[in-house]
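> These protein sequence lines map, in sequence, to chains H and D.
The first sequence runs contiguously to residue 361 in my numbering.
The second sequence runs contiguously to residue 1315 in my numbering.
Encoded as structure tokens, here's the structure I'll be asking about.
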Amino acid sequence: MASGGALENGGKAALGLLGRLTRRRAGAEAAAVAAALRSDRFRLEREADWQRLEAIVGRIERGRLRGLADADLLALPALYRTVASSLSVARETSLDAATLAYLEALVSRAWFIVYGPRISFGQWCARFFGGGWSRAVRALAPDIAFAVIIMLAGGCAGWAAVAADASWYGAIVPGAFMDERRPGASREALRGVLFNQTHQDMLPAFAAALFSNNAAVAILCFALGFLFGIPSLLLLAQNGGIVGAMLWLYHGQGLTLDLVAWLSIHGTTELSAIVLAGAAGLHIGRAIAFPGSRAVVDAAAAAGQRAAPVMLGAVLMLVIAALLEGIGRQTINTTGARLIVGWGMLGLWLAYFTLLGRRAA
Amino acid sequence: MKAAAAPLDPRRPAARRTRTILTPEGLALRFTLASRGVRAGALVIDLLAQMLLLIGLQLVLSAIARDLFGQKLALTSANQAMELLYILYVIASFVLINGWFLFFELGPRGATPGKRLVGIRVAARDGGRLSAEKVLARNLVRDIEFVAPIALFALLLPGGAWVASLAALGWVLIFPCLPLWNRDRLRAGDIIGGTWVVEAPRRRLGTLLSAAPRADAPTSAGYRFGEAELAIYGEYELQTLERVLRDGQGEAMAAVAAAICGKIGWHPPGSEEVRGFLTDYYTQLRARLEAGMRLGTRKLDKFSAAALGDYTELP
Chain H
1 MASGGALENG GKAALGLLGR LTRRRAGAEA AAVAAALRSD RFRLEREADW
51 QRLEAIVGRI ERGRLRGLAD ADLLALPALY RTVASSLSVA RETSLDAATL
101 AYLEALVSRA WFIVYGPRIS FGQWCARFFG GGWSRAVRAL APDIAFAVII
151 MLAGGCAGWA AVAADASWYG AIVPGAFMDE RRPGASREAL RGVLFNQTHQ
201 DMLPAFAAAL FSNNAAVAIL CFALGFLFGI PSLLLLAQNG GIVGAMLWLY
251 HGQGLTLDLV AWLSIHGTTE LSAIVLAGAA GLHIGRAIAF PGSRAVVDAA
301 AAAGQRAAPV MLGAVLMLVI AALLEGIGRQ TINTTGARLI VGWGMLGLWL
351 AYFTLLGRRA A
Chain D
1001 MKAAAAPLDP RRPAARRTRT ILTPEGLALR FTLASRGVRA GALVIDLLAQ
1051 MLLLIGLQLV LSAIARDLFG QKLALTSANQ AMELLYILYV IASFVLINGW
1101 FLFFELGPRG ATPGKRLVGI RVAARDGGRL SAEKVLARNL VRDIEFVAPI
1151 ALFALLLPGG AWVASLAALG WVLIFPCLPL WNRDRLRAGD IIGGTWVVEA
1201 PRRRLGTLLS AAPRADAPTS AGYRFGEAEL AIYGEYELQT LERVLRDGQG
1251 EAMAAVAAAI CGKIGWHPPG SEEVRGFLTD YYTQLRARLE AGMRLGTRKL
1301 DKFSAAALGD YTELP
């Protein structure tokens, strides 16, 4: 029995030794796992979330919004905040540069998506034409009133200058318009420009050229608002002056109403567009010249963003004016019809800008 | 205490181009402003793409026109069809040139194809939303910066008034040069629109480099370094070591291993052991430095002492 006891003891001892070795090995492994860097464990625990966010963000960036599952789309803001907090923690506790760079890039991309433009291009178009443009125009009412006054003043100045001395006509009216219409032309020649149809095949080229010229003028009006709005004022006055000089020329031959009718088919739309563009430029110029309590760049940015929709609308109006000019000017031939079309268009524009987009009081 | 010099990534671009935006969650997001050359390149690509599209449109329309003529229509209706096609072309080109930027910059990536190719995008300067008005404003002003100088120069030069045309050109060239004089690289459109152009990097998640008893991690080669051996280097050296390990170039790794051994007084490992040696050193150095981080002491590099302090990287 003693040998059995010795064996048992030995066995127990052996078992004990084995147990201690095993425990020590397990302890070492546990220690090794514990010794694996905390920041790595942090990453391993959260990697699934990061990959999920990356997949969603990648899909949205590629424009495949429809294929995104509803659950993913709903989870996006929460995932973004989760990963943002991971980034905060990682910045303070981790020195793994690759993980940090990855998280910075991922959070930036997700931030752009979560806090990006809320509407698509199509929705923005619907909102713009459904009242956004009208609201923007109404917001600029003081500048528009001022622009109209400047243009009228330019018209009066143009008339007065040419009435005093006919040679001013060449200085005021740019050469493109001066084919037959100049001081000293006979009544028949002037009338002929208004009423004959020989320019028919020049229709589209005319429309296109005038359209790009007017669009350039309008865009210059807006963009040069930068320079305190002074170029906008000058351009408004100049355009007014051109109309005033031409009115004087035709008035001398008693064709005033006919000229007004001829011009107003497209002219009401075109001059309104130039007024809007000038007003947009003036708005920016005013903000730069008198920024109030804000920094100049901030005031300029705020004014630019208020004026930009108005400007875009002005350019669209010029497209319409060019179409009216190219198609309507030669095909509508009676003064009465021209007046109706031209001033009817103006009435439509006024109704559009004043009535649309008003919230129910 | 040393001033905060953001020791995170030695490859980070000049600090002058870094801007920080505070998100509503209170997180400071760092952005890098795009360099001027890159922006110019993106604009060139965009303009080339627009030109190609316009040429394609012209070809399509003239093919249609040839088709019409080929069918021997009466002359007047053929003329009218031509006029209609011409008007369509003019309107389409106008819409394309002005709508290109608006459409793409309102999209989810905030970048036109040219910008996407070079990896930059538009962002709102105040950290808010990039609204349609901002994109509109910044693109409407581009006409004066880009189109006006060329148009003005072309207009004035043939007239012989070359002094006036040079003066006008010089005056108008102020606008394209605005980004050069501006700390935030804002061109006139950015100033009016309240935006700026930042880099939009995309990164892959790199593998874990530290040795650990896991299936997906490198196994430890059994080297153990003591306190004195790990205390030499700081965070900058750790980042360098990580880069070397990721690149995996044999000569670089051997050189780094030799340098480390020189500092700690060991024999350099043989060529097969270099990777294991560096992995172990990296793991243990990182463990030590991160432990220090948790206690609030950080060691920038081997020349600086471990300093108490929290350097936030907000400028």
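For each residue, glycine too, the CB sits at the ideal point set by N, CA and C.
Being a predicted model, the structure only gives us computed values, none of them experimental.
#1: Determine the chain D residues that contact arginine 81 of chain H at a beta-carbon separation under 7 Å, and present them in chain order.
#2: Give the straight-line distance between the Cα atoms of arginine 999 of chain D and threonine 1297 of chain D, rounded to the nearest whole angstrom.
#3: Just to make sure I have the definition right: I need the residues of chain H whose C-beta is within less than 9 Å of the C-beta of glycine 1194 of chain D. Which are they?
#4: Find out if the Cβ-Cβ distance for the pair valine 275 of chain H, alanine 164 of chain H is shorter than 8 Å.
#5: Evaluate phenylalanine 1303 of chain D with the Cβ neighbour count: other Cβ atoms within 10 Å of its Cβ, from every protein chain shown; 16 or more gives buried, anything less gives exposed.
#6: Is the CB-CB distance between tyrosine 250 of chain H and leucine 152 of chain H below 8 Å?
#7: When the distance is taken between beta carbons, is glutamate 1290 of chain D closer than 8 Å to arginine 38 of chain H?
#8: Report yes if the C-beta distance between tyrosine 1223 of chain D and phenylalanine 1277 of chain D is below 8 Å; otherwise report no.
#9: Considering only the beta carbon of each residue, do alanine 1042 of chain D and glycine 1107 of chain D sit closer than 8 Å?
#10: Please confirm if glutamine 1239 of chain D has its CB atom under 8 Å from at least one CB of chain H.
#11: Going along the chain, which residues of its own chain have a beta-carbon closer than 6 Å to the beta-carbon of proline 1218 of chain D, five neighbours each way excluded?
#12: To the nearest angstrom, how far is it from the Cα of isoleucine 1192 of chain D to the Cα of alanine 97 of chain H?
#13: Check glutamate 1025 of chain D in the structure and name its three-state DSSP category.
#14: Using beta carbons (cut-off 8 Å, strictly below), is methionine 1293 of chain D in contact with chain H?
#15: Output needed for alanine 105 of chain H: all residues of its chain with C-beta closer than 6 Å, excluding positions within five of it in sequence on either side, in chain order.
#16: I need the boundaries of the beta strand (DSSP E) containing tryptophan 1266 of chain D, first residue and last residue.
#17: If the criterion is Cβ atoms closer than 8 Å, does the pair arginine 1125 of chain D and tryptophan 1196 of chain D meet it?
#18: Go ahead and label glycine 244 of chain H buried or exposed: buried means 16 or more other beta carbons lie within 10 angstroms of its beta carbon, across all protein chains shown.
#19: Run through chain H and tell me which residues come within less than 9 Å of glutamate 1242 of chain D, C-beta to C-beta.
#20: Kindly identify the DSSP beta-bridge partner or partners of tryptophan 1100 of chain D.
#21: Tell me which residues of the segment 1109 to 1130 of chain D have at least one Cβ-Cβ distance to chain H shorter than 8 Å, keeping chain order.
#22: Hey, quick one: how far does the alpha helix (DSSP H) through alanine 1124 of chain D stretch, first residue to last?
#23: Shortest alpha-carbon distance to arginine 91 of chain H belongs to which of H:Ile113, H:Pro291, H:Arg81, H:Leu103?
#24: Using 8 Å as the threshold, is the C-beta distance between glycine 357 of chain H and arginine 135 of chain H below it?
#25: Taking 8 Å as the threshold, find out whether the segment 1092 to 1100 of chain D comes into contact with the segment 1016 to 1030 of chain D through three or more Cβ pairs.
#26: Could you name the residues of the same chain whose beta carbon sits closer than 7 Å to that of isoleucine 113 of chain H, not counting the 5 residues immediately before and after it, in chain order?
#27: Just to confirm my understanding: we take aspartate 49 of chain H, look at its own chain, exclude 5 residues before and 5 after, and list those with CB closer than 8 Å. What are they?
#28: How would you label leucine 348 of chain H, buried or exposed, when you count the other beta carbons within 10 angstroms and need 16 or more for buried?
#29: How about alanine 126 of chain H: is its C-beta nearer than 8 Å to some C-beta of chain D?
#30: Is arginine 190 of chain H helix, strand or coil by DSSP?
#31: For a quick check, are the C-beta atoms of arginine 187 of chain H and leucine 259 of chain H less than 8 Å apart?
#32: I'd like to confirm the pairing. Which residues does DSSP put opposite alanine 1307 of chain D in its beta bridges?
#33: Establish whether the CB of phenylalanine 121 of chain H and some CB of chain D are separated by less than 8 Å.
#34: Is it the case that the Cβ atoms of leucine 220 of chain H and leucine 234 of chain H are separated by a distance below 8 Å?
#35: Say whether the segment 108 to 127 of chain H touches the segment 331 to 340 of chain H, bearing in mind that this needs 3 or more beta-carbon pairs closer than 8 Å, one atom from each stretch.
#36: Taking 6 Å as the limit between beta carbons, can you name the residues of its chain near leucine 947 of chain D, skipping five residues before and five after?
Checking against the coordinates, here is how it stands:
#1: Glu1025
#2: Because chain D spans 1001 through 1315 in this model, residue 999 of chain D falls outside it and cannot be assessed.
#3: Neighbours of glycine 1194 of chain D on chain H, chain order: Val297, Asp298, Ala300, Ala301, Ala302, Gly304, Gln305.
#4: no
#5: By the neighbour-count rule (16 or more Cβ atoms within 10 Å), phenylalanine 1303 of chain D is not buried but exposed.
#6: The Cβ atoms of tyrosine 250 of chain H and leucine 152 of chain H do not sit closer than 8 Å to each other.
#7: yes
#8: yes
#9: no
#10: yes
#11: Ala1211, Thr1279
#12: 37 Å
#13: coil
#14: Judged by the 8 Å Cβ criterion, methionine 1293 of chain D is in contact with chain H.
#15: none
#16: Here tryptophan 1266 of chain D belongs to no beta strand (DSSP E), and DSSP marks it neither H nor E.
#17: yes
#18: buried
#19: Leu95, Asp96, Ala97, Ala98
#20: BP columns for tryptophan 1100 of chain D are empty, so no partner.
#21: Arg1109, Gly1110, Arg1121, Ala1123, Arg1125, Gly1128, Arg1129, Leu1130
#22: Not the alpha helix (DSSP H): alanine 1124 of chain D falls in the beta strand (DSSP E), residues 1120 to 1124.
#23: H:Leu103
#24: Less than 8 Å separates the beta-carbon of glycine 357 of chain H from that of arginine 135 of chain H.
#25: no
#26: Val57, Ile60
#27: Leu79, Thr82, Val83, Ser86
#28: exposed
#29: no
#30: Reading off the sequence shown, one finds leucine at residue 190 of chain H, where the question assumed arginine. Leucine 190 of chain H falls in the helix class under three-state DSSP.
#31: no
#32: D:Arg1298
#33: yes
#34: no
#35: The answer is no - the segment 331 to 340 of chain H does not touch the segment 108 to 127 of chain H, with fewer than three Cβ pairs under 8 Å.
#36: This structure cannot settle anything about residue 947 of chain D, because the visible part of chain D is limited to 1001 through 1315.
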